[in-house]
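Residue numbers (UniProt numbering): 1 to 147.
Idealized CB from N, CA, C, for every residue including glycine.
Fair warning: this is a prediction, and the values are worked out from it, not measured in the lab.
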Amino acid sequence: MKVAEVMNKDVVSINKNATVEEATKLMIEKSVGGLPVVDDENKVVGMITEKDLLLRHKEFVPPPYVDILGAFVYLEDPTRANERLKKSLSASVEDVMSTPVFTVSPEDDTQLVLQFIVDHGYNRIPVEEEEKLVGIVSRGDILKGLV
Numbered sequence: 001m002k003v004a005e006v007m008n009k010d011v012v013s014i015n016k017n018a019t020v021e022e023a024t025k026l027m028i029e030k031s032v033g034g035l036p037v038v039d040d041e042n043k044v045v046g047m048i049t050e051k052d053l054l055l056r057h058k059e060f061v062p063p064p065y066v067d068i069l070g071a072f073v074y075l076e077d078p079t080r081a082n083e084r085l086k087k088s089l090s091a092s093v094e095d096v097m098s099t100p101v102f103t104v105s106p107e108d109d110t111q112l113v114l115q116f117i118v119d120h121g122y123n124r125i126p127v128e129e130e131e132k133l134v135g136i137v138s139r140g141d142i143l144k145g146l147v
């Protein structure tokens, strides 16, 4: 079976110049765990996943506070924390995406792709044709194709 038979052609992607905030919102809106990152010519240049975003936000530490009768009293100026969060969200996708990215062709055999996915722990792989993003194939897509 070929990748073209099981891939999702309605792939949601994001430009490398988009912000982390835009990527986060898009992933939530479209209920996807990862996005191919493309350049202006729609060539895949990376992947950004929930893991990449969570690791990025792990660096954000809210200011320490105490709870007094249900009211939060911050022990340091919360505006500094807000500035750190804004800076984190305004970073470009290119700064946090995973590279290099492995892509497959619509003509590739799904068994080989599945083996690669399992061996390397990927959940999804972008599908390119003539160096342009044309779809995405996930573990689930391949499993659905087997039944």
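Asked, Found
"Meets three-Cβ-pair contact criterion under 8 Å: the region 118 to 137 and the region 42 to 53", "yes"
"Three-way DSSP call (helix, strand, coil) for residue 51 in this model", "helix"
"For residue 39, three-class secondary structure by DSSP", "coil"
"Three-state secondary structure assigned by DSSP to residue 108", "coil"
"Straight-line gap, residue 105 to residue 128 (C-alpha atoms, nearest Å)", "5 Å"
"When 26, 98, 31, 38 are compared against residue 55, the one with the closest alpha-carbon", "98"
"Residue from 43, 71, 117, 12 with nearest C-alpha to residue 34", "12"
"Residue closest to residue 132, alpha-carbon to alpha-carbon, out of 40, 111, 30, 109", "40"
"Start and end residues, beta strand (DSSP E) containing residue 129", "124 to 129"
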